[in-house]
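Q: Next up is a structure, given as structure tokens.
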Amino acid sequence: MRPGSSGPDARDGTRPDAPDVDVLVVGAGITGIYQLYRAREAGFSVQLLEAGGGVGGTWFWNRYPGARFDSESYTYGYLFSRPLFDEWEWQEHFAAQPETERYLNHVVDRFDLRRHMRFDAPVASAGFDEPAAAWTVTVTDGSMYRARFVVAATGVLSVPFVPDIPGRDEFRGEQLHTGRWPAEPVDLTGRRVAVIGTGSSGVQLVPAIADEVGSLTVYQRTANWCTPLNNRPITADEQAQLRADFEAIRETLNTSAHGFLHEAHDRGAFADSDEERHAFYERMWASPGFSKLTSNYADLLFDEAANDTWCEFLAAKIRSIVRDPGTAEKLIPKDHRFGEHRPPFVTGYYETFNAPNVSLVDTRQTPIVRVTRRGIETTDGEREFDVIVWATGFDFGTGALLRLGVRGRGGLALDEYWADGPKTFLGVQTAGFPNFFFPGGPHAAAGNNPRYNGDQVDFVTDAMVYARDHGFDAIEPDPAAEDAWTAMVDRNAARKPSFGTSSYYFGTNVPGKPRKYLLNAAGRPKLFEMIAEIVASDYQSFILTRTPDVESETASR
Ligand SMILES: Cc1cc2nc3c(=O)[nH]c(=O)nc-3n(C[C@H](O)[C@H](O)[C@H](O)COP(=O)(O)OP(=O)(O)OC[C@H]3O[C@@H](n4cnc5c(N)ncnc54)[C@H](O)[C@@H]3O)c2cc1C
Numbered sequence: 003m004r005p006g007s008s009g010p011d012a013r014d015g016t017r018p019d020a021p022d023v024d025v026l027v028v029g030a031g032i033t034g035i036y037q038l039y040r041a042r043e044a045g046f047s048v049q050l051l052e053a054g055g056g057v058g059g060t061w062f063w064n065r066y067p068g069a070r071f072d073s074e075s076y077t078y079g080y081l082f083s084r085p086l087f088d089e090w091e092w093q094e095h096f097a098a099q100p101e102t103e104r105y106l107n108h109v110v111d112r113f114d115l116r117r118h119m120r121f122d123a124p125v126a127s128a129g130f131d132e133p134a135a136a137w138t139v140t141v142t143d144g145s146m147y148r149a150r151f152v153v154a155a156t157g158v159l160s161v162p163f164v165p166d167i168p169g170r171d172e173f174r175g176e177q178l179h180t181g182r183w184p185a186e187p188v189d190l191t192g193r194r195v196a197v198i199g200t201g202s203s204g205v206q207l208v209p210a211i212a213d214e215v216g217s218l219t220v221y222q223r224t225a226n227w228c229t230p231l232n233n234r235p236i237t238a239d240e241q242a243q244l245r246a247d248f249e250a251i252r253e254t255l256n257t258s259a260h261g262f263l264h265e266a267h268d269r270g271a272f273a274d275s276d277e278e279r280h281a282f283y284e285r286m287w288a289s290p291g292f293s294k295l296t297s298n299y300a301d302l303l304f305d306e307a308a309n310d311t312w313c314e315f316l317a318a319k320i321r322s323i324v325r326d327p328g329t330a331e332k333l334i335p336k337d338h339r340f341g342e343h344r345p346p347f348v349t350g351y352y353e354t355f356n357a358p359n360v361s362l363v364d365t366r367q368t369p370i371v372r373v374t375r376r377g378i379e380t381t382d383g384e385r386e387f388d389v390i391v392w393a394t395g396f397d398f399g400t401g402a403l404l405r406l407g408v409r410g411r412g413g414l415a416l417d418e419y420w421a422d423g424p425k426t427f428l429g430v431q432t433a434g435f436p437n438f439f440f441p442g443g444p445h446a447a448a449g450n451n452p453r454y455n456g457d458q459v460d461f462v463t464d465a466m467v468y469a470r471d472h473g474f475d476a477i478e479p480d481p482a483a484e485d486a487w488t489a490m491v492d493r494n495a496a497r498k499p500s501f502g503t504s505s506y507y508f509g510t511n512v513p514g515k516p517r518k519y520l521l522n523a524a525g526r527p528k529l530f531e532m533i534a535e536i537v538a539s540d541y542q543s544f545i546l547t548r549t550p551d552v553e554s555e556t557a558s559r
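Counting from 3, one number per residue, gives the positions in the sequence shown under this note's numbering.
Structure follows, in structure tokens:
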């Protein structure tokens, strides 16, 4: 930190450009908190900067009614500390936002991490100083930090997206985004509310507010295959069982492809008779969360005919729940199969459309023309509202990283280097940006986020330790390794099971963004394989350098 700003004291007074801190973490979500903990435990001096006013990341910002996990609570929480696992009793199988925010605050205090954190500190820029092999990180208030390593744990769903619909500024009522829901309660009682968007957030919000509002109009562009979350409280017996099974749970979560406890099914859809399949689908419908994807028929995502049988079952469910046949048809996806989009999980979503105060507008049939002073105009006419809620998602994958103002070697800007989409190695680093890591960023894996983000944090920590302990000042991926990883991500995105029609996974919900796959379909198994190879080969896919200017300094540590 430069003179005149608050923060850690300069650790090494021998050079004016020496880093103030070894590891600077950006973002206090579940990834950044774990990174801060791991880096400090590894003996680094640490500092964390967070744009928001508190701990939690996703679970700090998404306070909208109905916001909750689609991952089982105890599979989402940290596994690095048995005492932590034992002492925190999740109340529900799928915790709501307030409980998760409390949990993450508990972790921060339990491990005494808060003193390393600075809130309301949005990072505006980060530039690599080559001679010093250090990053200069600037916060929007002008304060500066010098760090050997920067870990941007800035999240893939942390920059809310609002479509550029004309007239938004003219609306006289209140506008909210689910991803920036105010901390103080929003009173929707008796008000005329529009919800735009029926992705994972919108379909959680709609049933949660329907009873309270005067009227609720849901604007849907894309119908999604929503299935019941089947949430319930965790009983005392289940709490005891979770504790008894900790080692087995940890082993499964740390090694499984998607980071869930769900057991995969070994049969194909057509190995069963029609009656058996129907009975199986009823069990799936009643099963918790993502198991409809992870424990469904083995060929669900590989055989279109198999997927069709599940979609037909779901369509029949929707028709049986929603009383108005026209509304039911609008709610049934016609443009994608189950699993091609991120499947949302719901509690009473379809039932909500039977309420007299709730209506659905299909914006494919009657597109939104503009927001007016009084409401929303579609090609069908104008409706008046008191509140418009934008449940329109995020600038997924690269949104936060590209807004960090990152400049690597030779002043190369990250947004220029990634102009055609992200290029990464292991989804943690990019060539030409030494000592800059982004666990939980694009190209990571897919599934239960904290599990594979945690794998990445472990790898990043080990890489920083390796560099330090071997006297290297800088570590960055070999461009050839980066090319191979990025090509692998792109190749797999074109294969089955593909998420081919999902604009979200390819970033094309944001106009002007290159169509590039932002997850990594090869997932954790590939990540594990590569990490094992890298460690065994002494970081062969990385370029490790000693900077002459800082050699004596490094050696003196
Ligand atoms: C409503 C919702 C529900 C979800 N449910 C699940 C689920 O059930 N299971 C699952 O696996 N995943 C879920 N996710 C995905 C979720 O984002 C991840 O599980 C996880 O929270 C990611 O953690 P993170 O720490 O990587 O990022 P985040 O939690 O997004 O944290 C990133 C932090 O970085 C900060 N930041 C960004 N840019 C800057 C900057 N320039 N300066 C300073 N700070 C900055 C942000 O303010 C934010 O606090 C959900 C996401 C949403 C939005």
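Cβ atoms here follow ideal geometry from the backbone N, Cα and C, with glycine treated the same way. None of these values were measured; they are calculated from a predicted model.
Could you check where the beta strand (DSSP E) with Gly34 kicks off and where it finishes?
A: Sequence index remark: in the sequence shown, residue 34 carries index 32 (1-based). First-last for Gly34: 32 to 43, but that is the alpha helix (DSSP H), not the beta strand (DSSP E).
Q: Between the beta-carbon of Gly341 and the beta-carbon of Ala448, is there less than 8 Å?
A: Counting from 1 along the sequence shown, the entry for residue 341 is found at position 339. Counting from 1 along the sequence shown, the entry for residue 448 is found at position 446. No, Cβ-Cβ distance for Gly341 and Ala448 is not below 8 Å.
Q: Nearer than 7 Å: is that true of the beta carbon of Ala318 relative to any heavy atom of ligand 1?
A: Within the sequence shown, the letter at position 316 stands for residue 318. Every heavy atom of ligand 1 is 7 Å or more from the Cβ of Ala318, so no.
Q: In the DSSP assignment, the beta strand (DSSP E) including Asp160 goes from what residue to what residue?
A: Here residue 160 refers to the residue found at position 158 of the sequence shown. Sequence inspection shows Ser at residue 160; the Asp mentioned does not correspond to that position. From DSSP, Ser160 is part of no beta strand (DSSP E); its letter is neither H nor E.
Q: Tell me which residue opens and which closes the alpha helix (DSSP H) that Phe530 is part of.
A: Locating residue 530 in the sequence shown gives position 528, where the first residue counts as 1. Per DSSP, Phe530 belongs to the alpha helix (DSSP H) from 525 to 538.
Q: Please confirm whether Thr426 and Trp487 have their CB atoms less than 8 Å apart.
A: In the sequence shown, residue 426 corresponds to position 424, counting from 1. In the sequence shown, residue 487 corresponds to position 485, counting from 1. Cβ atoms of Thr426 and Trp487: closer than 8 Å.
Q: Measuring from the CB of Asp337, is there a heavy atom of ligand 1 at a distance below 7 Å?
A: Start at 1 with the first residue of the sequence shown, and residue 337 comes out as number 335. No, the beta carbon of Asp337 sits no closer than 7 Å to any heavy atom of ligand 1.
Q: Is there contact here, the stretch 129 to 139 with the stretch 18 to 38, by at least three beta-carbon pairs under 8 Å?
A: yes
Q: Taking only three categories from DSSP, how would you classify Ile323?
A: Translated into the one-based positions of the sequence shown, residue 323 becomes position 321. Residue state, collapsed to three classes: helix.
Q: Is the beta carbon of Tyr78 within less than 7 Å of some heavy atom of ligand 1?
A: Residue mapping note: residue 78 aligns to position 76 of the sequence shown, counting from 1. Answer for Tyr78: yes, Cβ within range of ligand 1.
Q: State the DSSP-derived secondary structure class of Val430, mapped to helix, strand or coil.
A: Your numbering for residue 430 matches position 428 in the sequence shown. Coil.
Q: Can you tell me whether Ser258 is helix, strand or coil according to DSSP?
A: Numbered from its first residue, the sequence shown carries residue 258 at position 256. Here Ser258 carries a coil assignment [DSSP, helix/strand/coil].
Q: What are the residues that DSSP puts in a beta bridge with Arg70?
A: Along the sequence shown, one-based indexing puts residue 70 at 68. According to DSSP, Arg70 bridges with Ala98.
Q: Can you find at least 3 beta carbon pairs, one from the stretch 97 to 104 and one from the stretch 56 to 76, that sit closer than 8 Å?
A: yes
Q: The beta strand (DSSP E) spanning Phe544 covers which residue range?
A: As a first step, residue 544 is located in the sequence shown; it is residue number 542 there, counting from the start. For Phe544, the enclosing beta strand (DSSP E) starts and ends at 544 to 547.
Q: Considering only the alpha carbon of each residue, which of Arg285, Gly55, Ala97 lies closest to Arg120?
A: The residue given as residue 120 occupies position 118 in the sequence shown. Nearest option by C-alpha distance: Gly55.
Q: In the DSSP assignment, what residue or residues form a beta bridge with Glu176?
A: In the sequence shown, the residue the question calls residue 176 occupies position 174. Answer is Val389, bridged to Glu176.
Q: If contacts are defined as beta-carbon pairs under 8 Å, then Arg194 and Glu386 qualify, I think. What distance do you get, rounded to the angstrom?
A: By 1-based counting over the sequence shown, the position of residue 194 is 192. By 1-based counting over the sequence shown, the position of residue 386 is 384. With 8 Å as the limit, Arg194 and Glu386 qualify as a contact, their Cβ atoms being about 6 Å apart.
Q: Spatial neighbours of Gly6 within its chain, please: C-beta separation below 7 Å, excluding the five flanking residues on both sides.
A: Numbered from 1 along the sequence shown, position 4 holds the residue referred to as residue 6. Here Gly6 scores only 29 on pLDDT, less than 50, and its place in the model should not be relied on; the value that follows carries that caveat. Taken in chain order, the list of residues that qualify is empty.
Q: When you compare each of Pro436, Asn451, Gly434 to Gly442 by their alpha carbons, which one comes out closest?
A: Counted from its first residue, the sequence shown places residue 442 at position 440. Of the candidates Pro436, Asn451, Gly434, the one whose C-alpha sits nearest the C-alpha of Gly442 is Asn451.
Q: Return yes when at least one heavy atom of ligand 1 lies under 7 Å from the C-beta of Arg526, else no.
A: Position 524 of the sequence shown holds residue 526. No, the Cβ of Arg526 stays beyond 7 Å of every heavy atom of ligand 1.
Q: DSSP three-state label for Arg411, please.
A: Within the sequence shown, the letter at position 409 stands for residue 411. In this structure, Arg411 counts as helix in the three-state DSSP scheme.
Q: Suppose you measure from the CA of Thr349 to the CA of Arg234; what does that come to, to the nearest Å?
A: Counted from its first residue, the sequence shown places residue 349 at position 347. Counted from its first residue, the sequence shown places residue 234 at position 232. Those two C-alpha atoms are separated by around 11 Å.
Q: Give me, in chain order, the residues of the same chain whose beta-carbon lies closer than 7 Å to that of Thr547; leave out the 5 immediate sequence neighbours on both sides.
A: To locate residue 547, count along the sequence shown from 1; it is residue 545. For Thr547, where only same-chain residues beyond five positions count, the Cβ hits under 7 Å are Phe474, Asp475, Ala476.
Q: I believe Asn232 touches Thr200 by the beta-carbon criterion, under 8 Å. Please report the beta-carbon distance rounded to the nearest angstrom.
A: Residue mapping note: residue 232 aligns to position 230 of the sequence shown, counting from 1. Residue mapping note: residue 200 aligns to position 198 of the sequence shown, counting from 1. Between Thr200 and Asn232 the Cβ distance is about 20 Å, and since that is not below 8 Å, they are no contact.
Q: Please classify Asn356: is it buried, with 16 or more other beta-carbons within 10 angstroms of its beta-carbon, or exposed?
A: The residue given as residue 356 occupies position 354 in the sequence shown. Around the Cβ of Asn356, a 10 Å sphere holds fewer than 16 other Cβ atoms; the residue is exposed.
Q: Who are the near neighbours of His472 in its chain, counting only those whose CB is closer than 8 Å to its CB and skipping five residues on each side?
A: By one-based count along the sequence shown, residue 472 stands at place 470. Cβ within range, chain order: Leu546.
Q: Any idea if Gly45 is buried or exposed, counting beta-carbon neighbours within 10 angstroms, 16 or more meaning buried?
A: Taking the first residue of the sequence shown as 1, we reach residue 45 at position 43. Exposed is the call here.
Q: Counting only the same chain and skipping the five closest in sequence on each side, list residues whose C-beta sits under 8 Å from that of Leu416.
A: Start at 1 with the first residue of the sequence shown, and residue 416 comes out as number 414. Cβ neighbours of Leu416 beyond the five flanking positions: Leu403, Leu404, Leu406, Val408, Arg409, Gly410, Thr432, Phe435.
Q: State buried or exposed for Ala266, treating a residue as buried only when at least 16 other CB atoms are found within 10 Å of its CB.
A: To locate residue 266, count along the sequence shown from 1; it is residue 264. Result: exposed.
Q: For Tyr507, which residues from the same chain have a beta carbon less than 7 Å from its beta carbon, with the 5 sequence-adjacent residues on both sides left out?
A: Here residue 507 is taken as the residue at index 505 of the sequence shown, counted from 1. So the list reads Phe501, Tyr519, Leu520, Leu521, once near-sequence residues are dropped.
Q: For Ala30, is the beta carbon positioned less than 7 Å from some heavy atom of ligand 1?
A: Here residue 30 refers to the residue found at position 28 of the sequence shown. Within the cutoff, so yes.
Q: Short of 8 Å in beta carbon distance, which residues of its chain neighbour Pro369, apart from the five on each side in sequence? Order them along the chain.
A: On the sequence shown, residue 369 is found 367 positions in, with the first residue counted as 1. Within the same chain, and ignoring the five residues on either side of Pro369 in sequence, the residues whose Cβ sits closer than 8 Å to its Cβ are Thr380, Thr381.
Q: Does the Cβ of Arg104 lie closer than 7 Å to at least one heavy atom of ligand 3?
A: Looking at this structure, you won't find ligand 3 anywhere; what it does contain is ligand 1.
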